[in-house]
Amino acid sequence: MRPSTVRVGGLLRTRNFALLWIGQSTSAVGSAMTTVALPLVAISTLHAGPAMVALLTAATWLPWLLIGLPDRPLPLLATEARTLRDFPAQGTPNAVP
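In terms of the working numbering, the sequence shown opens at residue 282 and continues consecutively.
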């Protein structure tokens, strides 16, 4: 009987997955370095105080608040409005015995 062979690094041998993995890893490292380095550079170069560093850190979330947060609720509101508008027409025949 022949023993089954297990390929080491199965997914990483796939080119598309390897490229995705390398890109995501690079992005995560860059984001982590920015999170740490940006306040340190502001303190050392700009001589920023605690309030300015807090404002700078809060400003990194600004694009997410302006673009990412409103992006999802708008389609949901349209779907919910259509569902609520059609609800009485759908629910009335079932409510009457």
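Glycine included, every Cβ here is placed at the ideal spot set by N, Cα and C.
Since the model is a prediction, treat every value here as computed from it, not as a measurement.
C-beta contact flag for residue i and residue j at 7 Å
| i | j | result |
| --- | --- | --- |
| Leu337 | Ala318 | no |
| Pro320 | Val334 | yes |
Secondary structure of residue i, DSSP reduced to three states
| i | result |
| --- | --- |
| Ala329 | coil |
| Gly291 | coil |
| Trp302 | helix |
| Thr315 | helix |
| Trp345 | helix |
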